[in-house]
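Report on the structure given below.
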Amino acid sequence: RFQWQLAAVGLVAIVGCSKAEGPAVYPVTGVVVRDGVPLADVNVEFLPDKGRPSAATTDKDGKFVLEYIQGTRGAVIGAHKIRVVEKFQGATADGAAFDAPAAPPAEPKTYELPQPAQVNATKNSFVIDVTAGTANASS
Numbered sequence: 013r014f015q016w017q018l019a020a021v022g023l024v025a026i027v028g029c030s031k032a033e034g035p036a037v038y039p040v041t042g043v044v045v046r047d048g049v050p051l052a053d054v055n056v057e058f059l060p061d062k063g064r065p066s067a068a069t070t071d072k073d074g075k076f077v078l079e080y081i082q083g084t085r086g087a088v089i090g091a092h093k094i095r096v097v098e099k100f101q102g103a104t105a106d107g108a109a110f111d112a113p114a115a116p117p118a119e120p121k122t123y124e125l126p127q128p129a130q131v132n133a134t135k136n137s138f139v140i141d142v143t144a145g146t147a148n149a150s151s
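The following block contains the structure:
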């Protein structure tokens, strides 16, 4: 009986400690601006040619840190299309329920940048200007 318990503990330890395999991801940060003003509480999506996208929501200063999967920050290496989506007017930042407005909320404004951004194994920090439709690497 002890051997079975020992075997079960060993199996749990092996399964519980194994690391999920997946593509390498690299940190990506930045700021989103419109007409030179930081955009707070907008969704930022980096969409690679192949593989899973990364996303984030900007803070009050328009800054973001991409997340690949929950708990894993970054994006896969390569070219990424960038999409910025403003949230519905009237929605709360934490997604909490709110009273329905008399008229339906306006569709969220979506910006899709015409040129892809390059994520690499070094520094990945971008200034995304939705007015100009650009994502420039920042220093």
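In the numbering used here, the protein residues as written are 13 to 151.
In this text, a Cβ means the ideal position worked out from N, Cα and C, and glycines have one as well.
Separation of the CB atoms of LEU125 and ILE94 is rounded to 4 Å, and the pair is thereby assigned contact status at 8 Å.
The beta carbon of THR122 sits closer than 6 Å to those of VAL97, all from its chain and outside the five residues before and after it, given in chain order.
Your pair THR41 and ASP53 does not check out as a contact, with CB atoms roughly 17 Å apart and the cut at 8 Å.
The three-state reading of DSSP puts ASN55 in strand, counting E and B together.
Note on geometry: alpha-carbon atoms of LYS72 and LYS99 lie some 14 Å from one another. Listed in chain order, the non-local C-beta contacts of ALA147 below 6 Å within the same chain comprise ILE94, LEU125, ALA129, PHE138, ILE140, local neighbours out to five positions each way being set aside.
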